[in-house]
Amino acid sequence: MEAHGNWLMTPLVLLAAAVLAVPLARGLKLGAILGYLVAGVLLGPQVLGLISHPATVLEIGEFGVVLMMFLVGLELEPKRLWAMRRPIFGWGSAQMLGCAALLLVPAFWLDSDWHTAVIAALGLAMSSTAVALAILAERNLGGTRAGQSVISVALLQDIAAIPVLALVPLLASQGRPAAGHDSTRLWLALAALVAIVLGGRLLLRPLLRWIARSGTPEIFTAASLLLVLGTAALMQKVGLSMALGAFAAGVLLAESEYRRALEADLEPFKGLLLGMFFIAVGMGLDLTVLWQRPLAVLGMLAALWICKGLVLAVLSRLMDLPKLERPVFVILLAQGGEFGFVVFQLAEQATLLDAAQRSVLVAAVALSLALTPALLAWVQRRARKQTRSSPHELKEQQNSPVIIAGFGRYGQIIGRVLNANGVSATVLDHDADTVESLRRFGWRVFWGDATRLELLRIAGADTAHVLVIAVDDSNHSIKIAELAREQFPHLTIVARARNVQHYYALRDLGVEMIERETLDSALMSARSVMEQIGWTPHAARQLAWRFRRHSVEQMEAMRPHRGDLDTLIALSKQGRQQLEERLAQERRAMADGQTARPWQEPEHPKGTSA
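Heads up: the sequence shown begins at 127 in this note's numbering, then just goes up one per residue.
Take a look at the structure:
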C-alpha cells in the first residue's frame with residue numbers, strides 16, 4: 127500500500143475511513159471518537175491490513191494532541207491558571223497517587239515482582255488527555271465544573287510524565303541508576319520550560335505582530351503551526367511531554383491580542399489530526415491477545431475501571447462537584463491513557479515487563495479508550511431520563527416577559543429586583559444542585575441548559591421581551607447569545623460580561639445591553655474611598671458615573687483595534703489623559719459652585735445599560 131509512487135493511498139484510505147465511520151457512529155449516538163477507533167481497528171494489520179505501518183500514523187496523530195493542549199492553554203490566562211493551582215497539584219496528585227496505590231493489587235496479580243507492579247500501576251493510573259478533552263469539546267462540557275476538574279487532573283498527569291519515565295530505569299537497575307544522567311535530564315527539562323516562558327514573554331508577541339503586519343494570512347497560519355511544532359520538539363528533546371510544552375506556550379499567549387486568530391488558524395488542523403490519532407490507536411490494538419488471553423485482558427480492564435472509579439468517586443464528593451456532573455468526571459478519568467503505551471514500551475525495553483504482560487496491559491488500556499465514549503453516552507442518557515422525570519424540569523409553556531438564564535450570585539440580584547417590583551420572570555439554571563437549593567428557599571427555578579433551542583421555546587422566548595444572560599461561563603454565555611440572535615431576533619438581550627474579551631465577543635454578536643460584572647461594584651467602592659477622604663457624596667457619585675461612561679466609551683473605541691497592540695496602547699494612554707483633564711475641569715467647576723445638578727447621571731452610551 128505504501129510503496130514508492132503510491133503514497134497517496136494512505137491519506138486516501140484514512141480520510142475515506144473517517145468520512146464513513148464518524149457520521150455512522152454519530153448516527154448511532156456513539157460519538158465521533160468511537161467511530162475513529164473502530165475505523166482504525168478495521169484498517170489495521172490484523173483485520174483489513176490496508177495500513178501496514180500504523181506507528182507512522184500515530185506519530186502524526188500525536189500532533190493533534192499537542193495542538194489540542196495548545197488551544198486549551200489559550201483559554202487559560204496565567205491568572206486563571208494560578209487560581210487552579212490547588213485542583214491541579216492537590217486533586218491531581220490525589221488522583222494519581224490514589225489510583226496508583228489501588229492499582230498495585232491487580233498489578234501484583236500480573237507479576238509478583240514489586241518493581242513491575244509499581245510501573246504497571248503508574249502506567250494504568252494515567253488517563254487519556256486526548257480522549258477526555260475531545261469528549262468535553264464534542265459534548266460541550268468544557269465549561270462545567272466537572273470539565274474544569276478533568277482539565278486540572280490531566281495537566282498534573284502531563285507534569286508527572288518525566289518522573290514516571292525516570293522511574294523506569296531506576297526500578298530496572300534496582301536502585302543503582304546513573305544519577306548524573308537523571309540529574310542532567312531534570313536540569314534540561316527546567317531549562318526548556320524557562321526558555322518557553324522567557325521566549326513567550328519577550329519574543330513571541332513581537333514576532334507575531336511583525337508577521338501579522340505583513341498582511342499574508344497564510345504566513346500567519348504557518349507561524350502558528352511553527353510555534354506549536356517548535357515548542358513540542360523542544361519538549362520532546364529534553365524528555366518532557368510535548369503536550370505540556372504546547373500547553374505552556376498557549377497559556378503565555380492567552381492574554382495576547384492574537385489569541386482568537388491563533389485559535390481560528392489551528393482549530394481545523396486539531397480536529398483532523400486528533401482523528402488520525404484515534405485511528406492510529408485503533409490500528410495498534412492487538413486483537414490476538416484478546417483471543418489468546420481474554421480473561422486476563424477483561425480482568426485487567428475491570429480492575430482498571432473499578433480501582434480508578436472508586437478513587438475518582440471519592441474525589442468527586444470531596445471536590446463537591448454537582449451530582450449530575452460526577453459521572454462525567456469519573457468516566458473520563460477512569461479510562462487508561464495513551465501515555466501508558468509509552469510507559470509499558472519503555473518498561474519492556476528495560477526488561478521490567480515481558481511481551482505477554484505488555485500486550486495485556488496495552489489491550490486493557492486500548493479497550494478502555496474505545497469503550498469510554500459509549501459508556502459516557504449511556505450514563506448521560508440514563509441521567510437525562512431521570513432528569514425528565516424530575517419536577518424541576520421545565521415542561522409547561524411559560525409566558526413571562528423576562529427569561530433569566532443563570533441564577534447564581536449575579537442572576538439572583540436581577541431576579542430579586544424584578545420580583546420585588548411585581549415583574550415575573552422564567553428562571554433557568556443548568557446546575558441541578560443549585561436549582562434544588564434555590565427551590566428550598568422558595569425560588570421558582572427550573573433546571574435546564576439555555577443553549578437548547580426547545581427549552582428556550584418552552585420558556586417563552588417566542589413571546590418574551592427580554593433575555594437576561596447571567597451564566598458564569600463565558601463560552602456558554604456566547605452560545606446562548608448566538609442562539610437567541612439567530613432564533614429570536616426580537617428579544618432584547620441583557621448580558622453579564624466576565625471580562626473585556628467576553629464583552630467584545632457579545633458586542634460582535636450585536637448585544638448592546640452588557641454589564642461587566644465587577645465594574646459597578648468597584649465604582650461603589652471607589653465612591654466610598656473618595657467620601658472617606660473628604661469628598662461630598664454628591665461629588666463622589668457624579669465623578670464615579672463620569673468615569674463609568676468614559677470606561678464604556680473607551681472599550682467601544684478600542685474594540686475595532688483589539689488585534690493591534692500598538693494602537694490599543696496609544697488609545698489607552700490618550701483616553702486616560704482625556705479623562706484626567708475632563709475630571710479636573712469638573713472638580714474645578716464643583717469647587718467654584720458652577721455645577722448646578724451634581725446628582726445628574728450622564729446618558730448611557732451604546733453598549734451599556736442603565
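Where is the CB? At the ideal position from N, CA and C, for every residue including glycine.
(Q) Here's the rule I'm using: 16 or more other beta-carbon atoms within 10 Å means buried, otherwise exposed. How should E707 be labelled? (A) exposed
Q.
In the DSSP output, which residue or residues are listed as bridge partners for W573?
A. E519 and D555
Q: Just grab the DSSP bridge partners of L582 for me.
A: According to DSSP, L582 bridges with nothing at all.
Q.
Quick check on I664: buried or exposed, where buried means 16 or more other Cβ atoms within 10 Å of its Cβ?
A. Looking at the sequence provided, one finds His at residue 664 rather than Ile. That one is exposed.
**Q.** Secondary structure of R622, DSSP reduced to three states
**A.** strand
(Q) I believe G462 touches M252 by the beta-carbon criterion, under 8 Å. Please report the beta-carbon distance rounded to the nearest angstrom. (A) Sure, about 7 Å apart at Cβ, within 8 Å.
(Q) For Q170 and L441, what's the separation of their Cα atoms in angstroms? (A) At residue 170 the sequence reads Gly, which differs from the Gln that was named. Using only the alpha carbons, I get a separation of about 38 Å.
Q. Does DSSP put A531 in a helix, in a strand, or in coil?
A. strand
Q: Reducing DSSP to helix, strand and coil, say where M368 ends up.
A: helix
Q. What's the gap between the Cα of A696 and the Cα of L370?
A. 35 Å
(Q) Classify L229: buried if its beta carbon has 16 or more other beta carbons within 10 angstroms, exposed otherwise. (A) buried
Q. For P448, which of T270, R611, F572 and A623 has the nearest alpha-carbon?
A. T270
**Q.** Proximity to A246 [Cα-Cα], best of V191, A263 and C225
**A.** Ranked by Cα distance from A246, the first of V191, A263 and C225 is C225.
Q.
Considering only DSSP beta bridges, list what V592 is partnered with.
A. V528 and T618
Q. With a cut-off of 8 Å, do at least 3 Cβ pairs link the segment 468-477 to the segment 496-503?
A. no
**Q.** Cα-Cα separation between V561 and F346, rounded to whole angstroms
**A.** 46 Å
Q. DSSP puts E641 in a beta bridge; with which residues?
A. DSSP lists R622 as partners of E641.
Q | Separation of L444 from R452, as counted between CA atoms | A | 11 Å
Q) According to the neighbour-count rule (16 or more other Cβ atoms, all chains shown, within 10 Å of its Cβ), is A590 buried or exposed? A) buried
Q | Span separating the alpha-carbon of A243 from that of C433 | A | The straight-line gap from Cα to Cα measures roughly 15 Å.
Q) So the alpha helix (DSSP H) G356 belongs to, where does it begin and stop? A) Counting along the chain, the alpha helix (DSSP H) containing G356 begins and ends at P343 to K363.
Q) Quick one, which of S526, A546, S550 and R622 has its alpha-carbon nearest R583's? A) If you compare the alpha carbons of S526, A546, S550 and R622 with that of R583, the shortest gap goes to S526.
Q. Where do the ends of the alpha helix (DSSP H) carrying K120 lie?
A. There is simply no residue 120 to check, as the chain begins at 127 and stops at 736 in what is shown.
Q. Under three-state DSSP, which class holds W671?
A. DSSP places W671 in helix when its eight states are reduced to three.
Q) How many Å lie between G218 and L351 at the Cα? A) 30 Å
Q. How should T477 be labelled, buried or exposed, when 16 other C-beta atoms within 10 angstroms of its C-beta is the threshold for buried?
A. exposed
Q: If I'm right that G273 touches L262 with Cβ under 8 Å, what's the distance once you round it to whole angstroms?
A: 5 Å
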